[in-house]
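Novice: So that we are looking at the same thing, I have put the structure below in structure tokens.
2 protein chains.
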Amino acid sequence: MDLVKIYECLCDRTRLRLLNLLAPGPLCVCHFQAVLRESQVKISKHLAYLRARGLVESEREGNWIIYRLPVKPARALRANLACLQDCAAEEKLFRRDLARLKKLGPGLVASGPCGCAPAGRK
Amino acid sequence: MDLVKIYECLCDRTRLRLLNLLAPGPLCVCHFQAVLRESQVKISKHLAYLRARGLVESEREGNWIIYRLPVKPARALRANLACLQDCAAEEKLFRRDLARLKKLGPGLVASGPCGCAPAGRK
DNA sequence: CATCTGTATACCTGCAGCGGCATATTGCAC
DNA sequence: GTGCAATATGCCGCTGCAGGTATACAGATG
Chain A
75 MDLVKIYECL CDRTRLRLLN LLAPGPLCVC HFQAVLRESQ VKISKHLAYL
125 RARGLVESER EGNWIIYRLP VKPARALRAN LACLQDCAAE EKLFRRDLAR
175 LKKLGPGLVA SGPCGCAPAG RK
Chain B
75 MDLVKIYECL CDRTRLRLLN LLAPGPLCVC HFQAVLRESQ VKISKHLAYL
125 RARGLVESER EGNWIIYRLP VKPARALRAN LACLQDCAAE EKLFRRDLAR
175 LKKLGPGLVA SGPCGCAPAG RK
């Protein structure tokens, strides 16, 4: 994987927040919306940007689309994601995001269908 | 230091090459020109870009301008520079640059006036 | 002073990304 | 099938950056 491409993905705050949230485990789009409190379009486009460059992977699960960090990341990517996680731990915004994520659902991480919507899985 | 700003600096190949060359020690602009074999303007502008954002520092020494990595880098910057060095060691282009740098002058790193020009220090 | 060398800056063009609005797509429920 | 929820995509305007050419600046030399 090309180093420059990786850094291009990392040089936007929204994308950093998305990747930061993915570190603990897979999430669906509505989680990102709930935590970042940004428009659906904005989040969706940044996720598409990341996916097109191999920084995240996605999978459909019923109505939802689950995003995750690559299962087998290239060495350079792994190193930089680790570095990001390390650095993000020192910035308020990222910590707040993670805190909000935890509030969303305790067993959320790596759990089944997201159940994020008001309608939820019904 | 803002993480996003750091990554903005890292998302250009020329700038990565410059930073990679600075890892062993300070250099003057003509060294970058000799190693990268890019136009003077291109290199100068990228160095200005990096300096404006605190990724490098510069100091005049007679006719030459010496660039170096920050003496007291912020934690996030230090982490990412270390990561970059690690990743760069695996890419041919960066290794070739370092090899060329070594050929330029054995005692070059951290030495005195650069002596790079034909006229040199005379 | 004039001149040369090393380096920086101004101005321009082209291109890519960001964010917004509107709309499309996919799958579920009825 | 209809309708709705979750998500993606197309188009537009704006901004910022990359790289080029020409020019300016600073210091050394004579």
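Residue numbers (this note's numbering), protein chains in the order written: chain A, 75 to 196; chain B, 75 to 196. Backbone N, C-alpha and C fix where the C-beta goes; we use that ideal spot for every residue, glycine too. Being a predicted model, the structure only gives us computed values, none of them experimental.
(1) Please compile the residues from chain B whose C-beta is within a distance smaller than 7 Å of the C-beta of L84(A).
(2) Give a yes or no on whether 8 Å exceeds the smallest Cβ distance from N154(B) to chain A.
(3) Report the rounded CA-to-CA distance for L172(B) versus F106(A), giving the unit in angstroms.
(4) Considering Cα atoms alone, identify which of E135(A), V130(A), K119(A) is closest to L97(A).
(5) Kindly list, in the order they appear in chain B, the residues whose Cβ is closer than 9 Å to that of V130(A).
(6) Taking C-beta pairs closer than 9 Å, name the residues in chain B that V47(A) reaches, listed in chain order.
(7) Take E135(B) as the anchor and find which of L77(B), A163(B), P100(B) has the nearest alpha-carbon.
(8) If I measure Cβ to Cβ from L121(A) and keep anything under 8 Å in the same chain, skipping five residues before and after, which residues do I get?
(9) Spell out whether any CB of chain B is found under 8 Å from the CB atom of E112(A).
(10) If we ignore side chains and look at the alpha-carbon of each, how far apart do I80(B) and A126(A) end up?
(11) If contact means a Cβ-Cβ distance below 9 Å, which residues of the region 137-149 of chain B contact chain A?
(12) Taking the alpha carbon of D86(A) as the reference point, which residue from A156(B), V78(B), W138(B) has its own alpha carbon closest?
(13) What does D171(B) touch in chain A if you count any residue whose Cβ is under 8 Å from its own?
(14) Roughly how far, in whole angstroms, is the beta-carbon of C161(A) from the beta-carbon of A150(B), given that I think they are within contact range, below 8 Å?
(15) Taking DSSP as the reference, what is the three-state secondary structure of R152(A)?
(16) From the beta carbon of C157(A), is the nearest beta carbon of chain B less than 8 Å away?
(17) Can you give the beta carbon distance from L178(B) to N94(B), rounded, assuming they're within the 8 Å contact cut?
(18) For a contact defined as C-beta to C-beta under 7 Å, what are the partners of E165(A) on chain B?
(19) DSSP puts Y141(A) in a beta bridge; with which residues?
Specialist: On the basis of the supplied data:
(1) The contacting residues are Y81.
(2) Taking Cβ atoms only, chain A reaches closer than 8 Å to N154(B), which makes this a yes.
(3) So the alpha carbons of these two residues sit roughly 42 Å apart.
(4) Note on residue identity: the sequence assigns Ala, not Leu, to residue 97(A). Looking at the Cα atoms, V130(A) is the closest of the given residues.
(5) Listed along chain B, no residue sits closer than 9 Å to V130(A) by beta-carbon distance, the nearest being about 16 Å off.
(6) Residue 47(A) lies beyond the stretch modelled for chain A, which goes from 75 to 196, so this question has no answer here.
(7) It is P100(B).
(8) For L121(A), the CB contacts under 8 Å within the same chain, skipping 5 residues up- and downstream, are L92, V103, F106, V130, S132, Y141 in chain order.
(9) Under the 8 Å criterion on CB atoms, E112(A) is classed as non-interfacial with respect to chain B.
(10) Straight-line spacing of the CA atoms in I80(B) and A126(A) works out to 23 Å.
(11) Within the region 137-149 of chain B, those residues whose Cβ lies closer than 9 Å to any Cβ of chain A are, in chain order, R149.
(12) Ranked by how close their Cα comes to the Cα of D86(A), the residues A156(B), V78(B), W138(B) have V78(B) in first place.
(13) The contacting residues do not exist; D171(B) stays about 13 Å from chain A at best.
(14) About 4 Å; that satisfies the 8 Å criterion.
(15) In the structure shown, R152(A) falls within a helical segment according to DSSP collapsed to helix, strand and coil.
(16) Proximity of C157(A) to chain B, defined by a Cβ-Cβ separation below 8 Å, is satisfied.
(17) Not confirmed; about 15 Å, so no contact.
(18) From the beta-carbon of E165(A), the residues of chain B found nearer than 7 Å are L77.
(19) Per the DSSP secondary-structure output, Y141(A) pairs in a beta bridge with L101(A), S132(A).
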